Each structure stands twice: as structure tokens, then as C-alpha cells.
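A.B. asks:
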Amino acid sequence: MIPAMPASAAAPHQSAHAVLRFGRFVAMGTVAVLILIAGVWASWGTAQHVMLTKGRERGTVDVTRCGPETCTGRFSPLSEGSQPRSRVVLEKSVAVQKGRTYTVVMKPGSDDAVRSGPAGVLYAWIPLGGALLLASVVVAGGLLRTRAAWVMALSGVALLTAAFVTV
């Protein structure tokens, strides 16, 4: 039989264990928050143009040429104050094809166009969907918060699925 620890020896052991638990909670919480901030940061670069369209040039692009990373085409304005352009650049993705027409918003001061509408909004937030999936693993494994992790993971999957279906 193992002799019981004296009460005076058990107290430092318990406090050290509590400090380690708190340290893990702070470290993993920081990692999860940083992952989510990075996802929002990566998404906001495009999402701001798609979601905050007031005062921006809106129109359509008829895609005439696609290269390895970008597609180009003629811009036809739909909003007041917009000027037609013979060549604008649209980021190439699996959803952009030569010969199709897309509704877009122009980035201010450039010839870069961003897809608008529901497909553009969902496409812009794809990095956040991936960050939600990654952060859910950290929350489940590092913070031991399985319900919150499931909510985050299902939110990420829903966002990515909706983007895939819509785009």
C-alpha cells in the first residue's frame, strides 16, 4: 500500500496542476483566436469590396481570355458613374470560365474586378471557412471544448459547402 501524501505536500501539487491547466488554456485559446483572426483578415481583403458596394463601380464582365492565374474581359457598367472598360482582370478560379458573363464590383483605383452577389460573398469568405475548421481542432484538442469545436467545424463545413454549391 502506498502511503498517503501529507496535506501540506498535496496543496503545491494541486496548484502546479492548476497553473499548467491555465497555461494550456491560455496558449491554445491564443492559437485558436489567431487562426480565426487570420481567416477573417484573409477574407476581408476581398469581402469588403463585395459586401460594401456603395459608391463602387458595379457591372458585368464578359470573360474573353483566361491565363494560369487570371481571366480578362470587357467590363459593362450597371451602376451610375461607372465607365465601360475594354479590359479588366478577374481572379481565375474553378468557377470562372472563358465565354461566360459574371456580375462584378471593381476594386477602387484599379482594373481588378471581384465577383459580386451571393457567389462572390461566399467565395470571399472561404478562408474563414478553412480557419473555422482548423480552429475547431485546436478548440477540441487543446481546450477540451467539444461542443464549441463541433459548432465551429460545422459552421466551416457549411460555409465551404455553400460556396462550392453557389460558385
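The sequence shown begins at 6 in my numbering and counts up one residue at a time.
Glycine is no exception: its CB is placed at the ideal position from the N, C-alpha and C atoms.
Nothing here was measured: the structure is a model prediction, and the numbers come from that model.
1. Quick one: Cα of Ser-160 to Cα of Met-56, how far?
2. Locate the alpha helix (DSSP H) running through Val-126, then write down its first and last residues.
3. So within the stretch 28-89, which uninterrupted beta strand (DSSP E) runs reach at least 3 residues, ignoring any that extend past its ends?
4. Does the distance from the C-beta atom of Ala-43 to that of Val-144 stay below 8 Å?
5. I need the boundaries of the beta strand (DSSP E) containing Val-109, first residue and last residue.
6. Near Thr-65, which residues of its chain fall below 8 Å by C-beta distance, leaving aside the five closest residues on each side in sequence?
7. So, with DSSP's three-state summary, where would you put Leu-149?
8. Would you list the residues sitting across from Ala-21 in a DSSP beta bridge?
C.D. replies: With the structure as the only source:
1. 20 Å
2. 122-129
3. 63-71 and 75-82
4. no
5. 106-111
6. Phe-80, Ser-81, Leu-83, Thr-106, Tyr-107, Thr-108 and Val-109
7. coil
8. Answer is none; Ala-21 lacks a bridge partner.
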